[in-house]
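See structure below.
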Amino acid sequence: MKNDKNLIFLHIPKNGGSTLHSVIERKYPSDIIFTVKEVNNRSNISEFISWYKKDRRQIRIIKGHVQFGIHEKMIGSSQYFTFLRKPEDRIRSYYNYVKKRPHHRMYDTIFGNNMSFHEFVRDINNNDIHNTQVQWISGIMSNNHNELLELALHNIEQHFSFVGLQEKFNESIILLGQLYGWGVPYYKFLNKGQYKRNVPIQQDTLDIIKEKNQGDYQLYNLIEKRFAKQVKEKPFMTLKMKQLELYNKLYSSYKVNKLIKHLK
-16 MKNDKNLIFL HIPKNGGSTL HSVIERKYPS DIIFTVKEVN NRSNISEFIS
34 WYKKDRRQIR IIKGHVQFGI HEKMIGSSQY FTFLRKPEDR IRSYYNYVKK
84 RPHHRMYDTI FGNNMSFHEF VRDINNNDIH NTQVQWISGI MSNNHNELLE
134 LALHNIEQHF SFVGLQEKFN ESIILLGQLY GWGVPYYKFL NKGQYKRNVP
184 IQQDTLDIIK EKNQGDYQLY NLIEKRFAKQ VKEKPFMTLK MKQLELYNKL
234 YSSYKVNKLI KHLK
C-alpha cells in the first residue's frame, strides 16, 4: 500500500459504490481486504470484530456498508474515504432498488401497500432513507440534523482522506487514484439502476425530501464546493479525464479486456 494507514471505504447505500469495489479489488491483494456485504452487514461487522487480534492485523482495507467507527476495531491508524450523492437522486435510487427486490426487508411495507414515490418519501421515516449520509459519516443515529452535520464534518476533517461525488465519478476516481497510487483507475459501471434519471421529481415530493434531509443537503453543498476547488487545482485534469475515458472503453471491450488487466 502507498502509505502505512489502513483504508476504509465507507460505502453509503445507493451512492455508486459497487463500481468502486471492483477497482479496489483490482488494486490490492484479496488477503488484506475485508468486505462488509450488503446483506446482513451487521453480522459481517460482528464477524470481523470477533476475530483474534493477530487475524485482524492482516486486514488493511475494509470496504462496504459500514458506518463511521469501525476504525476503532482495526489494528493501527486508519483513513476513510466515501462518496456523496444528491439526496433526491439517492432516495429515488433507493426506492427503485427496493422495488426490484421482493426479499428486501422494506419491500412488503412499500410495495405491499402500493406506495408511490411521493408516499414513500412522505410516510417512511427510516435511517436508510432520510439524512442517511450525515448519519453514516457521523456514526450516530439522531433526528437532530444540526448535530449530525456538525459531527459528520468533524469526522471528515479528522479521519477522511477524501470525499468524492457520485455525480462527478470520473473526476472523483482520478483524484482518489492519485491519492493512493492507483494509476489509471479504469472501471465498468456495476449495479447501475435502470430508472429514467431525466424524469424530474415532482415539486411537492422534492419539497418533502428537502425538509427531511436538511443535514444531507448542507453536507453535500459544502463538499461540492470543496470538490470543485480540488478539481480546479489539479493539473492536467482534462487530459486525465480523456485518458480514463479511453481506458474505460478498452476495459468494456471483450476483445481487449484481458490485455488491459495487465495495466494495473
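Residue numbers (my numbering): -16 to 247.
Backbone N, C-alpha and C fix where the C-beta goes; we use that ideal spot for every residue, glycine too.
Nothing here was measured: the structure is a model prediction, and the numbers come from that model.
Worksheet item: Could you give the distance in angstroms between the alpha-carbon of Q161 and the alpha-carbon of N127?
Response: Position 178 of the sequence shown, counting from 1, holds the residue named residue 161. Position 144 of the sequence shown, counting from 1, holds the residue named residue 127. Cα to Cα, Q161 sits roughly 36 Å from N127.
Worksheet item: Is G160 helix, strand or coil by DSSP?
Response: Taking the sequence shown and counting its residues from 1, the one referred to as residue 160 is at position 177. Helix, per DSSP.
Item to complete: Going by CA-CA distance only, name the one from T65, S60 and F31 that's closest to L148.
Response: In the sequence shown, the residue the question calls residue 148 occupies position 165. Out of T65, S60 and F31, T65 has the C-alpha closest to the C-alpha of L148.
Worksheet entry | Alpha-carbon to alpha-carbon, I123 and I32 | Residue 32 sits at position 49 when you count from the first residue of the sequence shown. Residue 123 sits at position 140 when you count from the first residue of the sequence shown. Going by the C-alpha atoms only, they are around 19 Å apart.
Worksheet item: Straight-line CA distance for K238 to D14?
Response: On the sequence shown, position 255 is the one that residue 238 refers to. On the sequence shown, position 31 is the one that residue 14 refers to. For K238, the pLDDT reaches just 44, beneath the cut-off of 50, and the residue's location in the model is therefore unreliable, although a value from the coordinates is still provided. Between K238 and D14, the C-alpha separation is close to 30 Å.
Practice prompt. Could you check if K195 is buried or exposed, using at least 16 other CB atoms within 10 Å of its CB as the buried criterion?
Written response: The count along the sequence shown starts at 1 and reaches residue 195 at position 212. K195 should be labelled buried.
Worksheet item: Is I44 helix, strand or coil by DSSP?
Response: Residue 44 sits at position 61 when you count from the first residue of the sequence shown. I44: strand per DSSP, three-state reduction.
Practice prompt. Could you check which residue in L229, L189 and L136 has the C-alpha nearest to that of N204?
Written response: Counting from one through the sequence shown, the residue named residue 204 turns up at place 221. Measuring from the Cα of N204, the nearest candidate turns out to be L136.
Worksheet item: Per DSSP, V19 is paired with what?
Response: Reading the sequence shown from its first residue, position 36 is the one you call residue 19. For V19, which the question treats as bridged, DSSP gives the partners G47.
Worksheet item: Counting only runs that start and end within the segment 82 to 165, where is the alpha helix (DSSP H) found for 4 or more residues in a row?
Response: 90 to 94, 100 to 106, 115 to 121, 128 to 142 and 152 to 163
Fill in: Reduced DSSP secondary structure (H/G/I, E/B, other) of N(-11)
Indexing the sequence shown from 1 puts residue -11 at position 6. Looking at N(-11) - three-state DSSP - the assignment turns out to be strand.
Fill in: Rounded separation between D111 and P(-4) - CA only
To locate residue 111, count along the sequence shown from 1; it is residue 128. To locate residue -4, count along the sequence shown from 1; it is residue 13. C-alpha separation (whole angstroms): 8 Å.
Fill in: C-beta atoms of F103 and Y80 nearer than 8 Å
The count along the sequence shown starts at 1 and reaches residue 103 at position 120. The count along the sequence shown starts at 1 and reaches residue 80 at position 97. Going by C-beta atoms, F103 is not nearer than 8 Å to Y80.
Worksheet entry | Beta-bridge pairing of S61 - partner residues as DSSP gives them | The sequence position of residue 61 within the sequence shown is 78, counting from 1. For S61, which the question treats as bridged, DSSP gives the partners N(-11).
Fill in: Collapsed DSSP secondary structure at F172 in the structure displayed
Position 189 of the sequence shown holds residue 172. Coil.
Discussion item. Tell me the rounded alpha-carbon separation between G95 and H87.
Written reply: On the sequence shown, position 112 is the one that residue 95 refers to. On the sequence shown, position 104 is the one that residue 87 refers to. Taking the straight line joining both Cα atoms gives about 12 Å.
Discussion item. So, for G47: in the same chain, excluding its five sequence neighbours on each side, which residues have a beta-carbon less than 6 Å away from its beta-carbon?
Written reply: The residue labelled residue 47 in the question sits at position 64 within the sequence shown. Within the same chain, G47 has close Cβ partners H(-6), T18 and V19.
Discussion item. Could you tell me the alpha carbon to alpha carbon distance between D187 and M98, rounded to whole angstroms?
Written reply: Position 204 of the sequence shown holds residue 187. Position 115 of the sequence shown holds residue 98. Using only the alpha carbons, I get a separation of about 16 Å.
Practice prompt. Write down the C-beta distance between R68 and E150 rounded to the nearest angstrom, noting that I regard them as a contact closer than 8 Å.
Written response: Stepping through the sequence shown from its first residue, residue 68 is reached at position 85. Stepping through the sequence shown from its first residue, residue 150 is reached at position 167. At roughly 7 Å, the Cβ-Cβ gap stays under 8 Å, so R68 and E150 are in contact.
Discussion item. Could you give the first and the last residue of the continuous alpha helix (DSSP H) run that contains Y11?
Written reply: Locating residue 11 in the sequence shown gives position 28, counting from the first residue. Per DSSP, Y11 belongs to no alpha helix (DSSP H) and is neither H nor E.
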